[in-house]
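Data first, discussion second: the structure below is written as structure tokens.
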Amino acid sequence: MTVHQRDWQAFVVPADDGAVHMDLAVDGITCAACMGEIERGLKRLPGIRKARVNLTSQRLAVDWVEDQTGADEIVAELERLGYAAHPFDPASQKERQDKTGKQLLRCLAVAGFAGMNIMLLSVSVWSGNASDITPETRDFFHWLSALIALPTVAYSGQPFVKSAFRALSAGRLNMDVPIVIGVGLAVALSVVQTIQHHHHAYFESAVMLLFFLLVGRYLDHNMRGRTRSFAENIAALKAEVAARINPDGSVREVPLSKIAAGDLVLVAGGERVPVDGVVSSGISEIDQSLVTGESVLVPVKPGQRVYAGTLNGAGALQIRVEAASGATLLDEVNRLLETASQAKSKYVRIADRAAQLYAPLVHGAAGLTFLGWLLAGMEWQPALVIAISVLIITCPCALGLAVPAVQVVASGQLFKSGVLLNSADAIERMADIDTILFDKTGTLTLAEPELVGEIDRQDPVLALAGRLALASRHPLSMALVKATGALVPLADVQEVSGAGLETHVDGQRLRLGSPLFCGATTEAIEAHLLAVPGASLLAIQYGEEPVRLLAVRQKLRSDARDVVDQLKAHGYALEIVSGDTLPSVAECAEELGIENWQAAMTPSAKIARLEALQSDGRKVLMVGDGLNDAPALAGAHVSLSPVSAVHLSQAAADAVFLGKKLQPVFDALSLSIRARRAIEQNLWISTVYNIIAVPIAVAGYVTPLMAAVAMSASSLAVTANALRLKWGNRAAADASASTVFGPVMSTKGE
Amino acid sequence: MDVLIFLIPIALVLGGVGLVAFLWSLKTGQYDDLEGAKWRILDDDDLPERKNTQ
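Protein chains in written order, with the numbering used here: chain C, 1 to 750; chain L, 1001 to 1054.
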């Protein structure tokens, strides 16, 4: 690959005292030795202030004085030590410090500290009530508890108050609304009871409730943060940069966020086109499979539009970056994407649905209790105390944990089988699925083309052609190199732009490239294309020997047939919707045993098919990677995208799967069904708990001790139930983890 | 029960010290890399660097 000088200013951010800071994703840090080696190695460079490896996120943070060392020396030093590193684009890292996580942890610490101290005082009061505590001592202990609890609730309750307020101001009801009401009333009631010298106060219940819920919330946040940072690492290691041609003619590599409309970008042979734009000079062939689904190479010349994510063939192209202009594929995709995403936001999460059911029911029950006791002739104040104790005992502790606990465990399991979640509620929605739509190219098949059929590695002409192919970064040449295992390049290779390569071996001319360049007859070409539909042809001509034609095409993922069979066995309806030509889709569908398929589909045809299925009441999972799949991905009930997909599709999909296998699709579905079941069980556990506890509370027999014990027990029950997901799936996840992560990044396979 | 006059403030202060220590450790970034910390104790970075490493 052509290496351009990188514009380092675009990657560093200013730090203290005139130093600069840079974050890098480092591939292959797996052990303590690597960590020490990198840190010590970098500190030998002049001007390095701080070099620190984070083994959890597999990142390196470096601070240095800019005029003493350059960023390229740092990367070169890392390379010398044997680590591939790529800097993060500062614009893509929105939350480097993880402020939300730290805020949650602080709230958790405060609630934990306060909970322990109040519990200490409460236990004394409870045991004292049973023996001989003096009223003065009890009041003193209650006042102390209030002193600790009031600031704690004000501080640690913030995440819940904010979320409840946001929901209410948007006219919705979520689980945080009853939580805030419950905690607020418990504290207020306790203060009143303390003033009136009562025997009981509920301070510990309020604080312990916050503590339990914060534990759940922190774990949830942590899991999602880990998934997100892993995805960011993959993006950075993909080196999503563009070589910008400056007005003075110099070429600098900059992060994509620094590219603006009107910039000129250089794309060398064999590179992916980083931007959407129009070719301003150069001739080449483009592999558009990621965009249109077509697997055949398309020739491009100046004036033609190219899309980000497509693979450039042999020729270098200069591309003028252009925003969408109204009539292109990209505009159509963007327009469809917008309408499709609006439709999806209507989904209401299970937890919120439970809250909508729960809040009126419980608050209604509390209201009726109050009225009931009033009618039975009780004073208004004790009646109110009983009504509030109903609210406290039904405190949505178990209900608030029921869904997040399962989500934390399930997304951890998914992470291990190579599925990274984009949206938190994807697991719930995935459990509803009955129909799966697959894109073909890049989804059922791999993104990189490979030679069709076995070749004879001993064949001298093929071996020569393989060595000749080393001179080019063209995707077809690379497929030939891979198939022949060639290592030694040939000398004096001439490249004929847009046609192929040529050299002389033992006085004989050797050509490799397009069939016409090598002099193949039209009949031969047509015969080959008929035999292998949808393939691109690579021709070899050596001296006077007849021209040889090799078909190159994207191969099916190695386990595609198995996964399709598994999915069918579980009763899913499968369908292929592809933008590729009819014969190649037909062949693929037959090979996989999928009866329903459609070829040559435009983005709007895909989404029309999706809507037709959805109006039949089907719940559709869309699996796709191309630009043409993006609207369907956004519009489907839930969607998955391989990690090789274009940006837009990855952003539109609910989850991304890693690796070269299709297995994660099946794993995700089966795990989400188990997760959904666990969520429902948890909701039942909390319902049963409430059915037992509410009558006792309505009758007025609840004491703070009972409230504390019942609450902890129900929280532990739902958490333990969620953890069962992990135990059941351990063996399977361990087996797949190593294979999935292997090719993308090395991890410890934990 | 006069002893409570000493014991309760002491208990609260000790708890508070624990809380402050935790918040300090959080602020200084000690929870940023839970995976790496366990390996760092094995790292002999206090030894003089060996000569002829290159």
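Think of the CB as a built atom: it goes at the ideal place given N, C-alpha and C, for glycine as much as any other residue.
Local conformation of residue i per DSSP, three classes
i, result
"Glu544/C", "coil"
"Arg49/C", "strand"
"Gln304/C", "coil"
"Lys555/C", "strand"
"Arg228/C", "helix"
"Ala84/C", "strand"
"Glu37/C", "helix"
"Val718/C", "helix"
"Thr310/C", "coil"
"Met22/C", "strand"
"Asp439/C", "coil"
"Arg44/C", "coil"
"Leu549/C", "strand"
"Glu428/C", "helix"
"Ile29/C", "coil"
"Ser649/C", "helix"
"Asp287/C", "strand"
"Arg59/C", "strand"
"Ser615/C", "helix"
"Leu487/C", "coil"
"Pro382/C", "helix"
"Leu1042/L", "coil"
"Gln9/C", "helix"
"Ile393/C", "helix"
Continuous alpha helix (DSSP H) stretch holding residue i: start and end
i, result
"Gln508/C", "It is not in any alpha helix (DSSP H) - Gln508/C instead sits in the beta strand (DSSP E) that spans 508-513."
"Phe415/C", "397-416"
"Asp139/C", "135-156"
"Met116/C", "99-130"
"Trp1024/L", "1004-1027"
"Met478/C", "475-484"
"Arg819/C", "This structure gives no information on residue 819/C, because the portion of chain C shown stretches from 1 to 750."
"Val177/C", "176-195"
"Ser280/C", "Run containing Ser280/C: none in the alpha helix (DSSP H); it sits in the beta strand (DSSP E), 277-281."
"Val362/C", "350-375"
"Leu464/C", "460-469"
"Leu530/C", "522-531"
Sub-9 Å separation of residue i and residue j beta-carbons
i, j, result
"Arg561/C", "Glu591/C", "yes"
"Arg467/C", "Val488/C", "yes"
"Ala707/C", "Ser389/C", "yes"
"Val75/C", "Gly47/C", "no"
"Glu253/C", "Ala268/C", "no"
"Met622/C", "Ser639/C", "yes"
"Asn435/C", "Leu530/C", "In the sequence under discussion, the amino acid at residue 435/C is Thr, which differs from the Asn named in the question. Taking 9 Å as the Cβ cut-off, Thr435/C and Leu530/C do not qualify as a contacting pair."
"Val751/C", "Ala308/C", "The displayed coordinates of chain C run from 1 to 750. Any statement about residue 751/C would go beyond what the structure contains."
"Gly313/C", "Asp287/C", "yes"
"Gly593/C", "Val564/C", "yes"
"Ala236/C", "Phe88/C", "yes"
"Gly1036/L", "Met22/C", "no"
"Val298/C", "Leu627/C", "no"
Any non-hydrogen atom of the ligand GDP closer than 8 Å to residue i Cβ
i, result
"Met478/C", "The ligand GDP is absent from the structure shown, which contains no ligands of any kind."
Residues bridged to residue i [DSSP beta-bridge criterion]
i, result
"Phe212/C", "According to DSSP, which records beta bridges pairwise, Phe212/C is partnered with nothing at all."
"Arg272/C", "Leu311/C"
"His504/C", "Arg509/C"
"Ser641/C", "Val656/C"
"Leu317/C", "Val267/C"
"Trp64/C", "Val20/C, Ile48/C"
"Gln494/C", "Glu502/C"
"Met622/C", "Leu437/C, Ser639/C"
"Ala539/C", "Gly513/C, Leu549/C"
"Val831/C", "This structure gives no information on residue 831/C, because the portion of chain C shown stretches from 1 to 750."
"Asn54/C", "Arg59/C"
"Gln598/C", "Val577/C"
"Pro14/C", "Val20/C"
Proximal residues of chain A, C-beta to C-beta of residue i below 9 Å
i, result
"Trp1039/L", "Absence of chain A from the displayed structure is noted, the protein chains being C and L."
N- and C-terminal bounds of the beta strand (DSSP E) containing residue i
i, result
"Val267/C", "264-267"
"Pro255/C", "251-255"
"Pro449/C", "445-451"
"Leu420/C", "419-421"
(request) Let me know the beta strand (DSSP E) ranges lying completely inside the stretch 652-697 of chain C, each 3 residues or longer, listed in chain order. (result) 655-657
(request) Tell me the start and end of each unbroken beta strand (DSSP E) in the stretch 553-596 of chain C that is at least 3 residues and wholly inside, in chain order. (result) 573-577
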